[in-house]
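Engineer: Attaching a single structure in structure tokens format; questions to follow.
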Amino acid sequence: QLNGRAVPVEGDLFTVVFGEDGRLSGLGACNRFMGSYQTTETGGLTVGQNMASTRMFCPDLDREQAFGDVLSGATHYEVDGDMLMLLTDGELRAVLQAR
40 QLNGRAVPVE GDLFTVVFGE DGRLSGLGAC NRFMGSYQTT ETGGLTVGQN
90 MASTRMFCPD LDREQAFGDV LSGATHYEVD GDMLMLLTDG ELRAVLQAR
């Protein structure tokens with residue numbers, strides 16, 4: 040789910056990995072991205088402003104941009120089982136499922 044809308048995903052598209060070292064990486068519609076993040080014990084989340092990505096053109100670029108905007112704008116996170124919820128100032132922006 041992204042910005043309140045169901046997002047059907049095939050294969051490895053729209054994935055993100057949060058490493059224990061404070062680095063994140065993933066794949067949008069066709070571009071890879073990477074950056075840094077920090078969390079707090081109270082569920083705070085800050086994604087670094089140093090996000091980088093490849094710049095290939097793909098047909099689903101609008102959804103990829105929205106995915107990146109949600110990641111970089113997230114201020115909090117919640118985990119429920121295998122679901123990761125990303126929130127911005129208390130508003131649910133994305134629900135991601137672990138694979």
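This note's numbering puts the sequence shown at residues 40 to 138. Backbone N, C-alpha and C fix where the C-beta goes; we use that ideal spot for every residue, glycine too.
On the CB-based measure, 16 or more other CB atoms within 10 Å of its CB, does Ala-137 come out buried or exposed?
Structural biologist: exposed
Engineer: Considering Gly-65, what are the terminal residues of the alpha helix (DSSP H) in which it resides?
Structural biologist: Careful: Gly-65 lies outside any alpha helix (DSSP H), inside the beta strand (DSSP E) at 62 to 66.
Engineer: Buried or exposed: Phe-72, going by 16 or more other Cβ atoms within 10 Å of its Cβ?
Structural biologist: buried
Engineer: Taking DSSP as the reference, what is the three-state secondary structure of Gly-43?
Structural biologist: coil
Engineer: Assign Ala-91 to buried or exposed, taking buried as 16 or more other Cβ atoms, counted over all protein chains shown, within 10 Å of its Cβ.
Structural biologist: exposed
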